[in-house]
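Structural data, given as structure tokens:
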């Protein structure tokens, strides 16, 4: 049985679940938490308890996976009453920063940290050149290497997954083709990653640089190869981990090796239903099964109660995920289901936002969360039409995405009006998009120089077409390009833009081009849907091709921040955030869930999306019942009204009871903080006062007569 807690937090009364975690004496304590269930607060309680029991702050390591989570934990510790002086002495890191910190002490020189694709591109291209000098005939036609920015982006995405999985190099009797297939990357990217790593970690000069997540990979690999190096690390007595649902093999191995010391205790929190970082090799097994394979003294403790929303949404979540979820918040969170006609999917979304605003809600506390970026096109236009300000998080406006810039570039070429695009950087990106979707084999230097020159002098776009595109293209592509431009130059400026775009997309065969450029099926499908949505938007505007081109140029979003704006984001980018009003559009089969993706990840994405809401959740479904997303049916909303009302009544009554309850026994149960001068500390101690090393204050323990301490109470008031 756990002992009574010694750390008494400020401004909260921990639940029995939280106290059990706070006082857990098991070597490994794994917290199975629900969304909004105060994971970070509970971990802060555990840290406070360790400090109250005499553990030095330097012996406590707190690991998270994002900078935002690190800042939240830092602030939560202070809010609970841990003195800032002590908080600043804790070893509080993201896993990546901790790895950098450790490696810094081991290496003679500190390699530069590179974070952008632009900085990493030269080494990637050098690695590709290095690979081309090695025999690859054994792979036949399986290898295909391209160097445009989409191919590079996909390469780095594959590289991150391989490193997170500690799967860059082959073990005995493994084949490259089988391993690439196992970890969901192309054979080309697998071999490319191997040569990239050979160059990055020079046997003569050491590590030349580190990109995103490279430190985690390097530390995990080093410790596995040389476990004796563990002795050079501080011996942390307590390790707490937040966001365990983002853990991958590299992070787990670091944690496992740190935890194998006999005096080390681990408390880690995560939600198996928030495992959505598959591209970084996150997996639900790291929340329990992998620990169980290495440690015997292990306990799993729940955090059932959410503090983010009221019972209605909590019970709906419980139905959807078939697990125990409840709420301690006496809040009548609303769930609205809106129907839409097939060609009017975003109209009720805008109406719901305007209604929220009329009812006194703030637009800045609203978030529209999409399954994929292509779904934003019609909504962005509707918001512009109604004058509703919006900001984009983790995604670009549709007018500035590569596939749309490609179509706009062809219109600019035909109309000879690239100068209508006000932003020079956008003109440059249009040239790059034209080269990308035309599948031209330009070197990076050539396309960069051409794009910069045309951005400066837009009239040169025609010369780029004649002197570069037609010259570099295959005979078949030359015919396609000539047919396309010939058609565009023959149509009048008033010809329907939708008709022109449809012809353009068919002649240029954009669907198959997207499949060749975007090697992952889901990404290619999103690109095709994005172009189709752009075409549908042109049909709705019903403009001629020239006015449509000008309309796009006039509506290119500015780079300035928009105050008091609705947030538009994809669900995957919203994890860890919360909003008063969350709106989920396009909840229909084939859209959400996507049929191209892993079924479990789709369910987790929906769970993450609905649990971002605090006061209101708006779900938008098609009118035809057979098209409605199965996820909405699984919430069982109609069955939850009675239990929700009963639970809400109980919570509201208990809240009133707590406000009215001022009995002497409860007052006696509260401790009284004192402000005791250093010269009088012995006197206060003799009277029964105690010193709190966590909050760094003297206090009167619960149940002790406060009368002898009056002068110190007064001085502290």
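Numbering (UniProt numbering), first residue to last: 1 to 717.
Note that the Cβ used here is the ideal one computed from N, Cα and C, for glycine as well.
Query - Start-to-end residues for the beta strand (DSSP E) that takes in residue 334 - result: 334-340
Query raised in the report: Would you report the Cα separation of residue 615 and residue 332, rounded to the nearest angstrom?
Result: 7 Å
Query raised in the report: Okay, do the region 394-402 and the region 412-419 touch, 3+ Cβ pairs below 8 Å being the bar?
Result: no
**Report entry** Per DSSP, the bridge partner or partners of residue 691
**Finding:** 698
Query - Burial state of residue 424 (16 or more Cβ within 10 Å) - result: exposed
Query raised in the report: In chain order, what residues of the same chain lie with their CB nearer than 7 Å to the CB of residue 341, ignoring the 5 residues before and after it?
Result: Within the same chain, residue 341 has close Cβ partners 623.
Query raised in the report: How should residue 637 be labelled, buried or exposed, when 16 other C-beta atoms within 10 angstroms of its C-beta is the threshold for buried?
Result: Answer is buried; the Cβ neighbour count reaches 16.
Query - Own chain partners of residue 545 with C-beta closer than 7 Å, once the 5 adjacent residues on each side are dropped - result: 411, 491, 493, 495, 497 and 500
**Report entry** Inter-residue Cα distance where the pair is residue 219 and residue 97
**Finding:** Whole-angstrom Cα-Cα distance: 11 Å.
Query raised in the report: Roughly how many whole angstroms lie between the Cα atoms of residue 347 and residue 510?
Result: 29 Å
**Report entry** Alpha carbon of residue 599 to alpha carbon of residue 453, nearest angstrom
**Finding:** The C-alpha of residue 453 is placed about 47 Å away from the C-alpha of residue 599.
Report task. Below 7 Å CB to CB, which residues in the same chain sit around residue 44 once its five sequence neighbours on both sides are set aside? Result -> 73, 76, 77 and 80
Query raised in the report: How about residue 267 and residue 240: are their beta carbons less than 8 Å apart?
Result: yes
Query raised in the report: Do three or more CB pairs link the region 363-380 to the region 504-518 at distances below 8 Å?
Result: no
Query raised in the report: Is there contact between the region 248-257 and the region 149-168, where contact requires at least three CB pairs shorter than 8 Å?
Result: The region 248-257, when compared against the region 149-168, does touch it at the 8 Å Cβ threshold.
Query raised in the report: What residue ranges within the region 555-634 form continuous beta strand (DSSP E) runs of no fewer than 3 residues, ordered along the chain?
Result: 566-570, 579-584 and 613-622
Query raised in the report: Which residue spans inside the region 11-61 form an unbroken alpha helix (DSSP H) run of at least 4?
Result: Counting only runs of 4+ residues, the alpha helix (DSSP H) found wholly inside the region 11-61 occupies 16-22 and 39-52, in chain order.
Query raised in the report: Terminal residues of the continuous beta strand (DSSP E) containing residue 239?
Result: 238-241
Query raised in the report: Given residue 631, which residues of its chain have a CB within under 6 Å of its CB, disregarding the five upstream and five downstream residues?
Result: 606
Report task. Measure the C-alpha to C-alpha separation of residue 542 and residue 536 and round it to an integer number of angstroms. Result -> 10 Å
Query raised in the report: Of all the options 205, 254 and 243, which has the alpha carbon lying nearest to the alpha carbon of residue 225?
Result: In terms of CA proximity to residue 225, 254 leads the group 205, 254 and 243.
Query raised in the report: In its own chain, which residues sit with a C-beta less than 8 Å from the C-beta of residue 477, not counting the 5 before and 5 after it?
Result: 438 and 439
Query raised in the report: Using the C-alpha atoms, what's the distance from residue 376 back to residue 664?
Result: Reliability fails at residue 664, whose pLDDT of 36 lies under 50, so the model's placement of it is uncertain and no value is given.
Report task. Classify residue 456 as buried or exposed, calling it buried when 16 or more other Cβ atoms lie within 10 Å of its own Cβ. Result -> exposed
Query raised in the report: What number of angstroms, rounded off, separates the C-alpha of residue 188 from the C-alpha of residue 145?
Result: 7 Å
Query raised in the report: From residue 108 to residue 154, what distance separates their C-alpha atoms?
Result: 33 Å
Report task. To the nearest angstrom, report how far apart residue 394 and residue 447 are at their CA atoms. Result -> 26 Å
Query - Same chain only: Cβ atoms within 7 Å of residue 53, ignoring 5 sequence neighbours per side - result: 6
Query raised in the report: Cα-Cα, which of 329, 95 and 143 is closest to residue 256?
Result: Per the Cα distances, 95.
Query raised in the report: Would DSSP call residue 169 helix, strand or coil?
Result: coil
Query raised in the report: To the nearest whole angstrom, what separates the beta carbons of residue 583 and residue 610, a pair I think is in contact under 8 Å?
Result: Going by Cβ atoms, the distance from residue 583 to residue 610 rounds to 11 Å, so no, they are not a contact pair.
Report task. Specify whether the region 16-33 and the region 53-67 touch according to this definition: at least 3 beta carbon pairs, one from each stretch, less than 8 Å apart. Result -> no
Requested in this report: Give a yes or no on whether the C-beta atoms belonging to residue 426 and residue 228 are separated by under 8 Å.
Outcome: no
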